[in-house]
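Novice: Dropping a structure here in structure tokens format, bear with me for questions.
Residue numbers (the UniProt record's numbering): 1 to 920.
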């Protein structure tokens with residue numbers, strides 16, 4: 001202050017103004033506070049509450065009011081808490097300082113969002129004293145200001161201008177909210193639909209970004225991949241007007257910023273120098289992965305994929321998130337420091353020197369937070385790393401010799417040698433250790449040269465073969481040949497790239513590195529050429545197929561969707577499987593970075609438009625063509641009406657109320673209605689089929705359940721099970737045809753059938769008891785007591801073959817009414833046979849007399865299995881082979897028996913002679 005004591009009040013205003021506007025402290029550039037009436041009024045007049053400072057071309061100006069006409073320049077505002085004169089005592093307790101950038105709305109919004117809302121709403125002490133209504137008002141104020149800011153100038157109606165203005169988009173959530181608001185408040189219907197489309201695409205990741213701080217590092221690693229796919233879908237969509245390039249550039253930037261701040265916040269909770277190495281390593285690797293993956297995604301999308309995307313090409317230079325990239329490299333450096341330290345400790349002896357190293361090694365990093373990367377912290381970080389390297393230098397000298405001995409022991413094994421260098425990569429990079437391991441590194445380089453030769457030889461041997469064969473590329477799942485070959489060669493590229501990275505990191509100073517590098521680059525060029533050849537061949541084949549109607553690649557929008565094939569009655573959809581494969585190929589090749597020719601892309605777009613409906617129709621067609629195989633044969637008459645109704649819908653695929661024209665692909669409303677009708681009919685048929693199959697299974701299970709009941713001890717269980725079976729039969733009796741009921745073996749009357757079932761169950765119990773007493777084969781057996789007598793005879797055949805040491809095919813079945821069979825190792829005495837069409841006295845067949853019964857019993861006989869070449873009890877010339885049926889209905893043959901007839905077998909065939917087991 002000239003000519004007197006220094007005015008502390010004006011010094012405060014002057015210093016604050018200089019610092020804010022970046023003014024030099026020379027007198028010629030200082031704002032003239034002395035003698036300024038506005039400054040004096042603010043300081044000396046208790047009623048003057050405000051002082052505005054603004055810098056313009058004319059210099060710094062003061063005012064006691066806010067000029068709202070022009071807010072482009074930075075504005076600094078001093079204002080009072082209380083209407084008092086400013087003194088030395090109340091200078092720092094009564095003056096508030098605020099700045100204003102861009103606009104009052106933006107300044108107020110940021111102040112509420114960044115300062116007051118978090119403090120008043122999230123801090124427990126302040127939120128407890130604030131009325132809930134006021135809290136709601138504060139939240140509404142923040143949201144409302146955000147809406148106004150994102151909508152830019154509400155007086156401008158052009159959507160493009162508003163979309164290019166991203167001043168209010170500070171986080172990904174702001175971007176997502178912008179499209180939510182536009183979907184509700186857009187000036188035109190088409191604008192609202194477009195905004196709604198983008199809103200739905202962003203919804204995939206909106207919740208994760210809103211709750212980003214609550215996610216783990218590994219979850220955000222996955223989120224990076226999902227976000228990449230979402231922004232790719234947003235950029236490449238063709239349903240509406242394209243997403244603005246400037247807005248996408250800003251979105252990529254704010255997403256990268258969010259990822260970077262998230263990584264810094266998560267890693268900031270760790271003590272990177274003292275926490276356990278495994279914990280720090282995992283967190284740092286996840287953080288590096290987040291940074292690297294987003295950098296790679298931005299580089300790939302804006303540098304390759306989008307630049308080649310013809311419908312909406314990226315016109316600017318590729319976007320490179322430099323700050324995020326440098327943060328990732330900083331994290332890699334931190335991880336390298338910790339890793340080197342761990343490797344040093346591994347080789348150092350457990351001595352006092354080791355303890356000194358532990359306590360001193362991280363001293364240079366004291367007070368420095370390594371995850372806070374910016375241009376101001378970079379010199380400090382480099383200085384700390386340099387000091388750290390000086391501390392560990394003595395330890396490196398000792399470890400170099402130990403590492404040399406360790407590697408020399410395994411250098412004869414290429415795989416172990418490579419793994420050792422990878423394991424101790426951070427140590428090998430150290431100049432001292434690298435120099436000591438010169439010979440070992442030369443050996444590794446020779447091994448890598450051999451691996452490049454092996455990659456080249458493997459590629460040349462396989463590149464012209466068929467995928468999956470020994471001489472062809474390795475085959476993947478669900479990949480067409482062209483995609484498979486490109487993916488295969490990309491995998492080889494990754495292996496060569498990994499080899500190059502190892503060499504560049506550890507071997508770049510060796511004399512043979514240049515020739516190795518040249519050979520690897522040549523091989524990579526060969527891979528690229530092969531990729532392009534594969535793609536070009538595919539493009540030519542597809543484009544030639546587009547002109548051939550038989551290729552399956554042609555789809556007419558006004559063609560019929562499906563029809564019945566007159567040759568075999570199958571239902572065919574006019575959307576070939578080749579089109580489905582083409583869509584997959586186009587999608588996969590686009591993802592691999594290839595530019596799809598416009599003609600192919602156009603066909604793919606048309607096919608994609610109808611793909612969803614075509615897949616549904618193919619499912620319906622498959623159901624129609626295979627439903628007969630899913631039905632139980634005896635149940636088909638029960639489903640006849642539903643099947644006919646389903647078929648009628650297929651045949652009458654007409655559009656419109658009059659049904660005069662065929663339904664085609666380019667009639668979406670009629671097509672959707674027709675598909676719905678088809679699906680409903682198919683669902684009814686499938687439901688009915690499942691219901692009947694379930695009843696069939698249930699009946700079988702209940703019958704088996706009844707078979708396992710001991711009737712002597714569990715009579716009540718038998719009655720309960722029988723009642724359940726009766727109830728089930730009654731529920732389907734109305735739709736159950738006679739033909740289905742007749743499929744039951746035995747009487748059609750269920751009660752009569754169950755009586756027979758009881759008899760069978762009792763008989764089987766008797767068989768079991770005799771078998772346990774070793775008396776089964778010595779008694780006369782009635783095969784009608786068995787559920788499956790043919791199974792019993794086959795078991796006897798197998799036991800006989802086992803006893804005779806021969807195959808079952810070398811045995812034949814014989815019967816004897818003369819006594820036991822001499823050639824049979826095992827035999828049974830079978831009774832209970834009945835004869836129809838003639839009579840038999842045990843010696844030969846005889847014709848029935850007029851008073852003879854139509855069915856007569858047959859004497860028991862001995863039956864068994866003997867070798868094919870052995871003589872049976874009867875001469876073949878005097879016998880006839882009669883079938884043995886399970887019942888008089890002659891619907892199921894058990895076996896055939898040679899019965900003596902005295903010659904003339906035709907005579908007995910004409911009589912209809914046949915044997916069957918005794919009725920129950």
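Backbone N, C-alpha and C define an ideal beta-carbon position, used for all residues, glycine too.
Would you call the CB atoms of residue 215 and residue 208 closer than 9 Å?
Specialist: Yes.
Novice: What residue range is occupied by the uninterrupted alpha helix (DSSP H) comprising residue 115?
Specialist: Per DSSP, residue 115 belongs to no alpha helix (DSSP H) and is neither H nor E.
Novice: Suppose contacts are defined by Cβ-Cβ distances below 9 Å. Is residue 884 in contact with residue 916 by that definition?
Specialist: Result yes, Cβ atoms of residue 884 and residue 916 sit closer than 9 Å.
Novice: What is the DSSP secondary structure of residue 235, counted as helix, strand or coil?
Specialist: Residue 235: helix per DSSP, three-state reduction.
Novice: Just curious, the alpha helix (DSSP H) that residue 496 is in, first and last residue?
Specialist: Start and end: 481 to 506.
Novice: Considering only C-alpha positions, which residue in the set 590, 60 and 764 is nearest to residue 24?
Specialist: When each option's Cα is compared against that of residue 24, the closest is 60.
Novice: Measuring straight from C-alpha to C-alpha, what distance separates residue 304 and residue 407?
Specialist: Cα to Cα, the separation comes out at about 42 Å.
Novice: Using C-beta distances below 6 Å, list every residue in its chain close to residue 472, excluding the 5 sequence neighbours before and after it, in chain order.
Specialist: Here the set comprises 462, 465 and 466.
Novice: Of the residues 197, 87 and 36, which one's Cα is nearest the Cα of residue 62?
Specialist: When each option's Cα is compared against that of residue 62, the closest is 36.
Novice: Have a look at residue 528 and residue 388 and give me their C-alpha separation to the nearest angstrom.
Specialist: Taking the straight line from one Cα to the other gives about 43 Å.
Novice: Which of helix, strand or coil does DSSP assign to residue 582?
Specialist: Three-state result, residue 582: helix.
Novice: Using DSSP bridges, identify the partner residues of residue 896.
Specialist: 883, per the DSSP bridge assignment.
Novice: Take every Cβ of the stretch 533 to 545, pair it with every Cβ of the stretch 585 to 604, and state whether three or more of those distances are shorter than 8 Å.
Specialist: A contact exists between the stretch 533 to 545 and the stretch 585 to 604.
Novice: Look at the alpha carbon of residue 364 and the alpha carbon of residue 402, and state the distance between them as a whole number of angstroms.
Specialist: Using only the alpha carbons, I get a separation of about 27 Å.
Novice: State yes or no: is the C-beta of residue 233 nearer than 8 Å to some heavy atom of the ligand HEM?
Specialist: The model on display carries no ligand, and the ligand HEM is accordingly not part of it.
Novice: Among all the DSSP beta bridges, which residues are the ones paired with residue 865?
Specialist: Paired residues: 813.
Novice: Can you grab the Cα-Cα spacing for the pair residue 509 / residue 436, in whole Å?
Specialist: Between residue 509 and residue 436, the C-alpha separation is close to 13 Å.
Novice: Please go through the same chain and pick out, in chain order, the residues whose beta-carbon is closer than 7 Å to the beta-carbon of residue 241, but skip the five residues on each side of it.
Specialist: The answer, listed in chain order, is 194.
Novice: Just confirm the distance between the C-beta atoms of residue 650 and residue 571, as a whole number of angstroms; I'd bet it's less than 8 Å.
Specialist: Yes, they are in contact, since the Cβ atoms of residue 650 and residue 571 sit about 6 Å apart, within 8 Å.
Novice: For residue 628, does the count of other Cβ atoms within 10 angstroms reach 16, so buried, or fall short, so exposed?
Specialist: Classification of residue 628: exposed, given that the 10 Å Cβ count is below 16.
Novice: So for residue 455, helix, strand or coil by DSSP?
Specialist: Reduced to three states, the DSSP call for residue 455 is helix.
Novice: Mind reading off the beta-carbon distance from residue 455 to residue 495? Whole number of angstroms is fine, and I expect it under 8 Å.
Specialist: The Cβ separation is near 6 Å, so the contact holds.
Novice: Of all the options 92, 291 and 416, which has the alpha carbon lying nearest to the alpha carbon of residue 81?
Specialist: Of the listed residues, the one whose Cα sits closest to residue 81 is 92.
Novice: Residue range of the beta strand (DSSP E) that residue 782 falls in?
Specialist: Here the beta strand (DSSP E) through residue 782 covers 780 to 782.
Novice: Would you say the stretch 720 to 727 touches the stretch 691 to 707, given that touching needs at least three Cβ pairs under 8 Å?
Specialist: Contact holds: three or more Cβ-Cβ distances are below 8 Å.
Novice: Which residue comes first and which comes last in the beta strand (DSSP E) that contains residue 433?
Specialist: That residue, residue 433, is in no beta strand (DSSP E); its alpha helix (DSSP H) goes 431 to 436.
Novice: Just confirm the distance between the C-beta atoms of residue 821 and residue 827, as a whole number of angstroms; I'd bet it's less than 8 Å.
Specialist: Confirmed, Cβ separation roughly 5 Å.
Novice: So, with DSSP's three-state summary, where would you put residue 921?
Specialist: Coverage of the chain is limited to positions 1 through 920, which leaves residue 921 absent and any answer about it impossible.
Novice: Which of helix, strand or coil does DSSP assign to residue 755?
Specialist: Of the three classes helix, strand and coil, the one that applies to residue 755 here is helix, per DSSP.
Novice: Report the residue from 554, 423 and 573 whose alpha carbon sits nearest the alpha carbon of residue 562.
Specialist: Ranking the options by Cα distance to residue 562, first place goes to 573.
Novice: Ignore the nearest five residues each way along the sequence and tell me which others in residue 891's own chain have a CB closer than 8 Å to its CB.
Specialist: So the qualifying residues of the chain are 885.
Novice: Which residue from 453, 547 and 601 puts its Cα closest to that of residue 515?
Specialist: Of the listed residues, the one whose Cα sits closest to residue 515 is 453.
Novice: Which whole-angstrom value is the C-beta distance of residue 371 and residue 268, which I expect to be below 8 Å?
Specialist: Indeed, because the Cβ distance is near 6 Å, the residues count as touching under 8 Å.
Novice: Return the CA-CA distance between residue 867 and residue 802, expressed in angstroms with no decimal places.
Specialist: Distance between the alpha carbons of residue 867 and residue 802: 13 Å.
Novice: Should the stretch 868 to 875 be called in touch with the stretch 835 to 855, which here means at least 3 C-beta pairs below 8 Å?
Specialist: Judged by Cβ distances under 8 Å, the stretch 868 to 875 makes no contact with the stretch 835 to 855, as fewer than three pairs qualify.
Novice: Please go through the same chain and pick out, in chain order, the residues whose beta-carbon is closer than 6 Å to the beta-carbon of residue 862, but skip the five residues on each side of it.
Specialist: For residue 862, where only same-chain residues beyond five positions count, the Cβ hits under 6 Å are 816, 820, 821, 827 and 829.
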